[in-house]
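Visitor: Could you have a look at this structure, given as structure tokens, before my questions?
2 protein chains.
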Amino acid sequence: MNVRPESNTSSTPPPHLPDEGHTQSQSQRARNLSHVHPADVTLSDALTALADPVRRTIVKELAGGPDWTRACGTFDLPVTKATRSHHFAVLRQAGVIEQRDAGSRRLNRLRRPEFDAAFPGLLDLVLSERRADPGES
Amino acid sequence: MNVRPESNTSSTPPPHLPDEGHTQSQSQRARNLSHVHPADVTLSDALTALADPVRRTIVKELAGGPDWTRACGTFDLPVTKATRSHHFAVLRQAGVIEQRDAGSRRLNRLRRPEFDAAFPGLLDLVLSERRADPGES
DNA sequence: TAAAGTGTTCGACGGAGGTCGATCACCATG
DNA sequence: CATGGTGATCGACCTCCGTCGAACACTTTA
Chain A
7 MNVRPESNTS
17 STPPPHLPDE
27 GHTQSQSQRA
37 RNLSHVHPAD
47 VTLSDALTAL
57 ADPVRRTIVK
67 ELAGGPDWTR
77 ACGTFDLPVT
87 KATRSHHFAV
97 LRQAGVIEQR
107 DAGSRRLNRL
117 RRPEFDAAFP
127 GLLDLVLSER
137 RADPGES
Chain S
7 MNVRPESNTS
17 STPPPHLPDE
27 GHTQSQSQRA
37 RNLSHVHPAD
47 VTLSDALTAL
57 ADPVRRTIVK
67 ELAGGPDWTR
77 ACGTFDLPVT
87 KATRSHHFAV
97 LRQAGVIEQR
107 DAGSRRLNRL
117 RRPEFDAAFP
127 GLLDLVLSER
137 RADPGES
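Taken in sequence, the protein lines are chains A and S. For the first sequence, position 74 (counting from the first letter as 1) is numbered 80 according to my numbering, and the numbering increases by one without interruption. For the second sequence, position 89 (counting from the first letter as 1) is numbered 95 according to my numbering, and the numbering increases by one without interruption.
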């Protein structure tokens, strides 16, 4: 699963449009923010995305509060901001989260209903996992 | 996830006993056959095991027939028997399958009820995935 | 404009894991 | 006992990916 933005070399164009018909005042950074709808995500990518403990921590923390209330930097993760940014990109490309720029910060939202529709029970499985577990593989 | 048999160096001994109280005539090869109950498997290991497309093919083929009817060599997989053996070991250590020796062959069984109890919906997700998909990641 | 805060990108590194050929162990059959 | 079949094990190779520091881009605030 390549995360780089120029890796959109898929043979079949994705059917789900980003629904950004509004030519609203969009920040510069948001232009590089490509999203993938859960319906266009393979099971391989979904499982791979959620197989990482750091990414599951993000998902669980995100589910603990309302949408659009957590910026990337507010998560308690044992990695640097570079790795952090990487994990958020993977989750975004796997259709797990949605991101939106708010000033200099990037707010997040768990795509609960869409992802549940595409992979029923998978998010519940992650959210029912007990917190922390620092010694796991 | 180490698969080697001597890697049983876990700090906490697993609670689920293999239930092999029968001192029945057991083949020599079966002595090296260590199983892990799905209840003792972490979500990380479960997701990692099912994230591989070859292993998901095994699971899907296994679900297509009755228990104990498919030997390891009867699966249609695009890998050599060495890699094949590796994947079966990973699935066994993740509590997904159970294996039993029958003569010179090793028969397999999908641990449907136990695994469903430990990770509800996960197997259904895999089994509902469309077959083949040779070009996926 | 300068400085601080937030997040991404880049290049590099290291470990984990999927893959293979070769070999070995066990079982069945002649 | 010899042969063939099945599957595990070993060592090696190679790709993928999680990780980091450094640099960069954008935004806000002083």
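Just so it is clear, CB atoms sit at the ideal spot from N, CA and C, and this is done for glycine as well. Computed from a predicted structure; not experimentally measured.
Indicate whether VAL65(A) and LEU116(A) have their beta-carbon atoms separated by less than 8 angstroms.
Guide: Taking the first residue of the first sequence as position 1, residue 65(A) is located at position 59. Taking the first residue of the first sequence as position 1, residue 116(A) is located at position 110. Contact: yes.
Visitor: Let me check understanding here. Comparing Cα to Cα, which of VAL102(A), ARG111(A), SER110(A), ALA77(A) lies closest to HIS41(A)?
Guide: Residue numbering aside, residue 41(A) sits at position 35 when the first sequence is read from its first letter. Closest option to HIS41(A), Cα to Cα, is VAL102(A).
Visitor: Are the CB atoms of VAL9(A) and VAL96(A) within a distance shorter than 8 angstroms?
Guide: Counting from 1 along the first sequence, the entry for residue 96(A) is found at position 90. Counting from 1 along the first sequence, the entry for residue 9(A) is found at position 3. Contact flag set, yes.
Visitor: If the cut is a Cβ gap below 8 angstroms, which residues of chain A does THR89(S) touch?
Guide: For the purposes of this step, residue 89(S) is taken as the residue at position 83 of the second sequence. Result: empty, since nearest Cβ-Cβ is about 18 angstroms, beyond 8 angstroms.
Visitor: Quick one: residues in its chain with C-beta nearer than 6 angstroms to the C-beta of VAL47(A), no 5 flanking neighbours on either side, listed in chain order?
Guide: Within the first sequence, residue 47(A) is the residue found at index 41, counting from 1. Correct list, in chain order: ALA100, GLY101.
Visitor: Under 7 angstroms between beta-carbons, which chain A residues line up against THR54(S)? List them in chain order, please.
Guide: Here residue 54(S) refers to the residue found at position 48 when the second sequence is read from its first residue. What THR54(S) touches in chain A: ALA57.
Visitor: Keeping to the same chain, check which residues put their C-beta closer than 8 angstroms to that of HIS92(S); ignore five residues upstream and five downstream.
Guide: As a position in the second sequence, residue 92(S) is number 86, starting the count at 1. These residues qualify, in order along the chain: VAL9.
Visitor: Give the interface partners of GLU135(S) over in chain A, defined as CB-CB distance under 7 angstroms, in chain order.
Guide: What you label residue 135(S) is simply residue 129 of the second sequence in a count that begins at 1. Per Cβ cutoff of 7 angstroms: LEU49.
Visitor: To which residues does DSSP link GLN105(A) through a beta bridge?
Guide: Numbered from its first residue, the first sequence carries residue 105(A) at position 99. According to DSSP, GLN105(A) bridges with ASN114(A).
Visitor: Answer yes or no: the CB of ARG62(A) versus the heavy atoms of the ligand COA, is any distance below 7 angstroms?
Guide: No copy of the ligand COA appears in this structure; indeed no ligand is present at all.
Visitor: With a Cβ-Cβ cutoff of 8 angstroms, do PRO44(S) and PHE125(S) count as a contact?
Guide: The residue labelled residue 44(S) in the question sits at position 38 within the second sequence. The residue labelled residue 125(S) in the question sits at position 119 within the second sequence. Closer than 8 angstroms, so yes.
Visitor: Just checking my contact of GLY127(S) with GLY127(A) at CB under 8 angstroms: how many whole Å lie between their CB atoms?
Guide: Locating residue 127(S) in the second sequence gives position 121, where the first residue counts as 1. Locating residue 127(A) in the first sequence gives position 121, where the first residue counts as 1. The pair is a contact, with the Cβ atoms about 3 angstroms apart (cut-off 8 angstroms).
Visitor: Where DSSP assigns a beta bridge to ALA77(S), which residues make up the other side?
Guide: For the purposes of this step, residue 77(S) is taken as residue 71 along the second sequence, with counting starting at 1. LEU113(S), per the DSSP bridge assignment.
Visitor: On the CB-based measure, 16 or more other CB atoms within 10 Å of its CB, does ALA57(A) come out buried or exposed?
Guide: For the purposes of this step, residue 57(A) is taken as residue 51 along the first sequence, with counting starting at 1. Looking at its Cβ environment, which holds 16 or more other Cβ atoms inside 10 Å, ALA57(A) is buried.
Visitor: Give the residues from the region 101-121 of chain S that approach chain A closer than 8 angstroms (Cβ to any Cβ), ordered along the chain.
Guide: none
Visitor: Report yes or no: is there a C-beta of chain A within less than 8 angstroms of the C-beta of CYS126(S)?
Guide: Sequence index remark: in the second sequence, residue 126(S) carries index 120 (1-based). For clarity, residue 126(S) is Pro in the given sequence; the question names Cys instead. Output row for PRO126(S): interface = yes.
Visitor: Which value, in whole angstroms, describes the spacing of the CA atoms of GLU135(S) and ALA55(A)?
Guide: What you label residue 135(S) is simply residue 129 of the second sequence in a count that begins at 1. What you label residue 55(A) is simply residue 49 of the first sequence in a count that begins at 1. Using only the alpha carbons, I get a separation of about 17 angstroms.
Visitor: Output the boundary residues of the alpha helix (DSSP H) element that contains ARG98(A).
Guide: Here residue 98(A) refers to the residue found at position 92 when the first sequence is read from its first residue. Secondary structure note for ARG98(A): its alpha helix (DSSP H) is the uninterrupted segment 87-99.
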